[in-house]
Amino acid sequence: MKKDTRQKILEAASTLFLKGGTHALSVRAIAEGASMSTIGIYSHFKGKQGILDALYIEGFTLVDEMMKQSEGNTPADRLLNACEHVLQFSEAHAAHYNLIFGSNLKDYAPSEDALAAGEKAFITLTKVVSAIIKKEIAVEERQDIAMQIWALCHGYISLNQHEIRNRINWVDWKARALNAIRLHVYALAAAHNSHS
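Residue numbers for the sequence shown, in my numbering: 957 to 1152.
Following this line, the structure appears as structure tokens:
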């Protein structure tokens, strides 16, 4: 029962966040959205910060799990499938995506536990990326390559959320994103796996 109540609170907070960002999140508004008292909110979370941290952790946990479940016949295929999951996540869990990857959250600073969830997801991405590289390279270089893939995913997601999508032919944006990512992945694999 307690987990259902907790999830109900997080769903109400997620809906409010999607509509109005962190400014829309008050304990009173969340309680109203979850059909419970403010005391009920405080019995599960330590106010707004606790709720945002829980959403942040939940968001990165979902991203991490999606990347771990990536499928494909080759490491490149698994990486592309992981990227596809991230693109889908941005739409299916828009509030979580905007919270964990948003850059204009002036009134929220993730806790250490929340930041650790983000780091865990990035480590998973780095492992998925590392599988396409056969030769030995430094951890920092593997992380840089993971950041390149991350940036391509989030660049396309950002464009999809921007007004520009209404001014150009933006049909099947995820396929376009995956084509660009595929080119980069194949170029990376060729550059790092050549025998020269």
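Cβ coordinates follow ideal geometry from the N, Cα and C atoms, glycine included. Model, not experiment: these values are computed from the prediction.
Using only CA atoms, which one of the options lies nearest to residue i?
{"i": "Ser1073", "options": "Ile1013, Ala1136 and Ile1105", "result": "Note that residue 1073 is Ala in the sequence shown, not Ser. Among Ile1013, Ala1136 and Ile1105, the Cα nearest to that of Ala1073 belongs to Ile1013."}
{"i": "Leu1134", "options": "Leu1036, Ala1146, Ala1077 and Leu1081", "result": "Leu1036"}
{"i": "Phe1078", "options": "Gln1044, Val1019 and Lys1091", "result": "Val1019"}
Should residue i be labelled buried (16 or more other beta-carbon atoms within 10 Å of its own) or exposed?
{"i": "Ser1150", "result": "exposed"}
{"i": "Glu1040", "result": "buried"}
{"i": "Ser1152", "result": "A caution first: Ser1152 carries a pLDDT of 49, below 50, which makes its placement in the model unreliable, though a value can still be read off. Looking at its Cβ environment, which holds fewer than 16 other Cβ atoms inside 10 Å, Ser1152 is exposed."}
{"i": "Val1095", "result": "exposed"}
{"i": "Asn1029", "result": "exposed"}
{"i": "Trp1106", "result": "buried"}
{"i": "Ala1143", "result": "exposed"}
{"i": "Asp1127", "result": "In the sequence as presented, Asp is not what sits at residue 1127; that position holds Val. That one is exposed."}
{"i": "Ser993", "result": "exposed"}
What does a CB cutoff of less than 8 angstroms around residue i pick up in its chain, not counting 5 residues either side in sequence?
{"i": "Tyr998", "result": "Val983"}
{"i": "Thr971", "result": "Gly989 and Ala1051"}
{"i": "Leu1061", "result": "Gly977, Thr978 and Leu1055"}
{"i": "Ile1093", "result": "His1148"}
{"i": "Gln1005", "result": "Tyr1064 and Ser1067"}
{"i": "Leu1081", "result": "Met1023, Ala1038, Ala1102, Ile1105 and Trp1106"}
Assuming residue i and residue j are in contact, meaning their beta carbons sit under 8 angstroms apart, how far apart are those beta carbons, in whole angstroms?
{"i": "His1052", "j": "Gly1015", "result": "3 angstroms"}
{"i": "Leu974", "j": "Tyr1064", "result": "With 8 angstroms as the limit, Leu974 and Tyr1064 do not qualify as a contact, their Cβ atoms being about 15 angstroms apart."}
{"i": "Ile1113", "j": "Ser1046", "result": "4 angstroms"}
{"i": "Val1084", "j": "Met1023", "result": "6 angstroms"}
In its own chain, which residues sit with a C-beta less than 6 angstroms from the C-beta of residue i, not counting the 5 before and 5 after it?
{"i": "Ser1067", "result": "Asp1009"}
{"i": "Cys1109", "result": "Cys1039 and Val1042"}
{"i": "Lys964", "result": "Ala990"}
{"i": "Asn1116", "result": "Trp1129"}
{"i": "Ala1070", "result": "Asp1009, Tyr1012 and Ile1013"}
Leaving out five residues on either side along the sequence, give the residues of the same chain with a beta carbon under 7 angstroms from the beta carbon of residue i.
{"i": "Pro1031", "result": "Ala1087 and Ile1088"}
{"i": "Ile1104", "result": "The residue asked about is misnamed: residue 1104 is Gln in this sequence, not Ile. Cβ neighbours of Gln1104 beyond the five flanking positions: His1140."}
{"i": "His1000", "result": "Thr961, Arg962 and Ile965"}
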